[in-house]
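Those sequence lines, one after another, are chains A and B.
With this note's numbering applied, the first sequence covers 1 to 321.
With this note's numbering applied, the second sequence covers 322 to 642.
Virtual Cβ for every residue (Gly too), placed ideally from N, Cα, C.
These numbers come from a predicted model, not from an experiment.
Data first, discussion second: the structure below is written as structure tokens.
Protein chains: 2
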Amino acid sequence: MVTIVDVARAAGVAPSTVSYVLSGKRSISARTRRAVEQSIRQLGYHPNAGARSLASHRTNVLSLMAPLREDLNNPGVMEFVAAVATAARGHDQDLLLLTKDEGASALRRVASSALADALIVMDVELADPRIPTLLSLGRPVVLIGEPAEATGLAAVDLDYTAAGVRCVDHLADLGHRAVALLGPHRPDIPAARRFRHGFAATAQARCVEATVHQCGHEYEAIRACLDELLTTEPTAIVVHNEAALPTVLAELQRRGLRVPEDLSVVAVCRDAMATSGPVPLTSVAIPVAELAELAVRMTLREAPAETQLLAPRLTQRASTR
Amino acid sequence: MVTIVDVARAAGVAPSTVSYVLSGKRSISARTRRAVEQSIRQLGYHPNAGARSLASHRTNVLSLMAPLREDLNNPGVMEFVAAVATAARGHDQDLLLLTKDEGASALRRVASSALADALIVMDVELADPRIPTLLSLGRPVVLIGEPAEATGLAAVDLDYTAAGVRCVDHLADLGHRAVALLGPHRPDIPAARRFRHGFAATAQARCVEATVHQCGHEYEAIRACLDELLTTEPTAIVVHNEAALPTVLAELQRRGLRVPEDLSVVAVCRDAMATSGPVPLTSVAIPVAELAELAVRMTLREAPAETQLLAPRLTQRASTR
DNA sequence: ATGAAAGCGCTAACAC
DNA sequence: GTGTTAGCGCTTTCAT
């Protein structure tokens, strides 16, 4: 194993000088820096993470707790995990992955044993039992997805209220007078509530008839939901349920409803999903990469640790008119 | 911060005794053990991971490198990540997540800086550039998904050859004489090759006409693939492409082909996927939890570090007859 | 069955 | 601009 002492000896300097070259915490002559960097490369030196953490009280590890069991079908979860991993590496941090069902004790364990410097937590619910623990950790915490009540914790999310507004505005602008919302399986989560409120309030403001429905992503649930939804004869639907989206579209087709001729569709989903079907969908994408980057920067105190809601962007494609 | 010295003082013993109570590496009187355990609980002591790793050369962290960008659509990837995280915690290990596109240098970094004790790598390809690095790491390495060539690295996977055999045997037993395989987007990966070989060899052995097709998961690709596939008028198809499966089924329906009346379908997919559509599908599931558990045990040297292929299990449901 | 003490490899305060 | 050195909190010999 190559240690800092080996590098120092090879470069003809003191170990602390090597440390300072690596950290940039004091000025180093160009000559010394070159010698040290060369020795590092030649010897293939990688600082020992444990020693570093012990001496500096920093691990350069972020921990992400994600809902890895229940939301397995939700492709958005994996996208977030990937985005956070990528954002973390972009800031020289590694990522320790925790599953949601390990609960508060895992958060405490990771923080107390100094396995990670900060925590990012997805899918925090209204009265989540993890919140008190997170508040007591003494480490930076950022939530992805904003719990409806102020928790005192920093959070990042899409502005779902604005997203609901945007979808209805788009459809109203196109002349639709009757629209329906097909929402997610869990109507109680903050994102669902906010979207629904934006949707309903804007429909009212613009004198558009609106109905709200919710369903899971199993075939039967979707079918029943569409049965109900279509009785009101809307000319457009907004689908805020990515997992159900493919089945919804297939089912519309099966019923002989063409998109957008008979029914306009706006989806809240990843761009990849919006463009993967026969009809490219007008959609509001969740800005996963930006949210992840922002969350990581917050944990590193490079961005103010407060709740930030990113503005939605609606991309018009072929499914609305 | 609570340290081992605090616990030792509270319990009236030496720090080393606390350490030994925690590790179980030497016998402790019941009385001492009780006192120490009580102090640990009362003080909320969590051993510092960095100090531990520095002193013991063990981190109790496993690193998993997963294809988090390219295979984002592949629900199987996330399932593996979740399963490995769960299996790791079951063995008192934490999980450091790496993305495949960080490449060999990330593996070297994590191993050399002692961030993790061992590495699990998904999606290793035929002539993967990471293989030489993995061989030189001096740490346990387990691949999930077996590269076709012997690499000298331990690996776990489903026995895809046997899976291909099993699917054709099932259909042949039901009396089918013409079957088609709809394979994955990347026909060159070992799993695809092996499945195809099992499929083709068994078809020949049982005098069943067989054709092999491949396609991505975009709508147009699937449509074109089905156009081609259906010209041979098979009475059954085997879908080894989970991402495409929902679209394939929707498209069959659109063409007026009923499952299983007009066409039997066998899928290689998660059970959740097999049972989520209108017709429960006869399927071969990938035993993700077992594979993850086995991989974790191999990294911990609790299972022999060799290539292990798990036998497929076919579950008959309503889509074949 | 338990204690004392020597490091593990690094960072950061202190010295010059 | 650089060197010296005292820890960081733990594990593990070595003693008894």
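What does R186 (chain A) reach in chain B if we use C-beta pairs closer than 9 Å? By one-based count along the first sequence, residue 186 (chain A) stands at place 186. In chain order: nothing, as chain B lies at least about 17 Å away.
Ignoring anything shorter than 4 residues or poking outside the stretch 195–248 of chain A, list the alpha helix (DSSP H) runs there in chain order. Assignment of alpha helix (DSSP H) within the stretch 195–248 of chain A, counting only whole runs of 4 or more residues, yields 219–230 in chain order.
Nonlocal neighbours in the same chain, by C-beta distance under 6 Å from A106 (chain A), ignoring five residues either side: Sequence index remark: in the first sequence, residue 106 (chain A) carries index 106 (1-based). Cβ neighbours of A106 (chain A) beyond the five flanking positions: L98.
Could you confirm whether any beta carbon from chain B is found closer than 7 Å to the beta carbon of P246 (chain A)? By one-based count along the first sequence, residue 246 (chain A) stands at place 246. Cβ-Cβ to chain B under 7 Å: yes for P246 (chain A).
Measuring CB to CB, does E400 (chain B) end up less than 7 Å from V609 (chain B)? On the second sequence, residue 400 (chain B) is found 79 positions in, with the first residue counted as 1. On the second sequence, residue 609 (chain B) is found 288 positions in, with the first residue counted as 1. Yes, the pair counts as a contact, with Cβ atoms nearer than the cut-off.
Report the start-end ranges of each beta strand (DSSP E) in the stretch 603–635 of chain B that is 3 residues or longer and not cut off at the edges. 603–605 and 629–631
Can you say whether V326 (chain B) is buried or exposed, counting buried as having 16 or more other CB atoms within 10 angstroms of its CB? Sequence index remark: in the second sequence, residue 326 (chain B) carries index 5 (1-based). The residue in question, V326 (chain B), is exposed, as its Cβ has fewer than 16 Cβ neighbours within 10 Å.
P184 (chain A) burial status per 10 Å Cβ neighbour count (16 or more: buried): Here residue 184 (chain A) refers to the residue found at position 184 when the first sequence is read from its first residue. Label assigned to P184 (chain A): buried.
Residues of chain B with CB closer than 8 Å to the CB of N241 (chain A), please, in chain order. On the first sequence, residue 241 (chain A) is found 241 positions in, with the first residue counted as 1. Ordered by position in chain B, no residue passes the 8 Å Cβ test against N241 (chain A), which lies about 14 Å from the chain.
Where do the ends of the beta strand (DSSP E) carrying S384 (chain B) lie? Start at 1 with the first residue of the second sequence, and residue 384 (chain B) comes out as number 63. First-last of the beta strand (DSSP E) with S384 (chain B): V382 to A387.
Kindly indicate if chain B contains any beta-carbon less than 7 Å away from that of A87 (chain A). Working through the first sequence from its first residue, we reach residue 87 (chain A) at position 87. For A87 (chain A), the answer is no, since every Cβ of chain B falls outside 7 Å of its Cβ.
Just the C-alpha distance for S393 (chain A) and P396 (chain B), rounded to the nearest angstrom, thanks. The displayed coordinates of chain A run from 1 to 321. Any statement about residue 393 (chain A) would go beyond what the structure contains.
Can the beta-carbon of T532 (chain B) be found closer than 7 Å to that of T553 (chain B)? Along the second sequence, one-based indexing puts residue 532 (chain B) at 211. Along the second sequence, one-based indexing puts residue 553 (chain B) at 232. Contact: yes.
Opposite L500 (chain B) in the DSSP bridges: which residues? Taking the second sequence and counting its residues from 1, the one referred to as residue 500 (chain B) is at position 179. Rather than Leu, the amino acid found at residue 500 (chain B) in this sequence is Val. The partner list for V500 (chain B) (beta bridge, DSSP) reads B:A531 and B:A557.
Give me the Cα-Cα distance between A595 (chain B) and L95 (chain A), rounded to the nearest whole angstrom. The residue you call residue 595 (chain B) lines up with position 274 of the second sequence. The residue you call residue 95 (chain A) lines up with position 95 of the first sequence. Spanning the two alpha carbons is a distance of roughly 33 Å.
Taking only the alpha-carbon atoms, compute the straight-line gap between R591 (chain B) and D583 (chain B) and give it to the nearest angstrom. By 1-based counting over the second sequence, the position of residue 591 (chain B) is 270. By 1-based counting over the second sequence, the position of residue 583 (chain B) is 262. Straight-line Cα distance between these residues: approximately 24 Å.
Any chain B beta carbon closer than 7 Å to S113 (chain A): Counting from one through the first sequence, the residue named residue 113 (chain A) turns up at place 113. Cβ-Cβ to chain B under 7 Å: yes for S113 (chain A).
Would the stretch 165–176 of chain A count as touching the stretch 149–157 of chain A if we require 3 or more Cβ pairs under 8 Å? no
Please check if any C-beta of chain B sits within less than 7 Å of the C-beta of R297 (chain A). In the first sequence, counting from the first residue as 1, residue 297 (chain A) sits at position 297. For R297 (chain A), the answer is no, since every Cβ of chain B falls outside 7 Å of its Cβ.
Could you name the residues of the stretch 516–541 of chain B whose beta carbon sits closer than 8 Å to any beta carbon of chain A, in the order they occur along the chain? H538, E539, Y540 and E541
Please classify C528 (chain B) as buried or exposed, where buried requires at least 16 neighbouring CB atoms within 10 angstroms. Taking the second sequence and counting its residues from 1, one reaches residue 528 (chain B) at position 207. C528 (chain B) should be labelled exposed.
At the level of alpha carbons, what is the spacing between V124 (chain A) and A114 (chain A)? Here residue 124 (chain A) refers to the residue found at position 124 when the first sequence is read from its first residue. Here residue 114 (chain A) refers to the residue found at position 114 when the first sequence is read from its first residue. Each residue's alpha carbon lies about 23 Å from the other.
DSSP beta-bridge partners for D94 (chain A)? Along the first sequence, read from residue 1 onward, the residue named residue 94 (chain A) stands at position 94. The partner list for D94 (chain A) (beta bridge, DSSP) reads A:V61.
With distances taken from CA atoms, which of A:V168, A:L143, A:R177 and A:A305 is nearest H197 (chain A)? Counted from its first residue, the first sequence places residue 197 (chain A) at position 197. Comparing Cα-Cα distances from H197 (chain A) to each of A:V168, A:L143, A:R177 and A:A305, the minimum goes to A:V168.
Which listed residue (A:P67, A:E102 and A:G164) has its alpha carbon closest to that of A311 (chain A): For this step, residue 311 (chain A) is matched to residue 311 along the first sequence. Measuring from the Cα of A311 (chain A), the nearest candidate turns out to be A:G164.
Please state whether DSSP places A439 (chain B) in a helix, a strand or coil. Indexing the second sequence from 1 puts residue 439 (chain B) at position 118. A439 (chain B): strand per DSSP, three-state reduction.
Touching by the beta-carbon criterion (3+ pairs, under 8 Å), the stretch 560–574 of chain B and the stretch 243–260 of chain A: Yes, the stretch 560–574 of chain B is in contact with the stretch 243–260 of chain A.
Considering V268 (chain A), what are the terminal residues of the beta strand (DSSP E) in which it resides? By one-based count along the first sequence, residue 268 (chain A) stands at place 268. Element bounds for V268 (chain A): S264 to V268.
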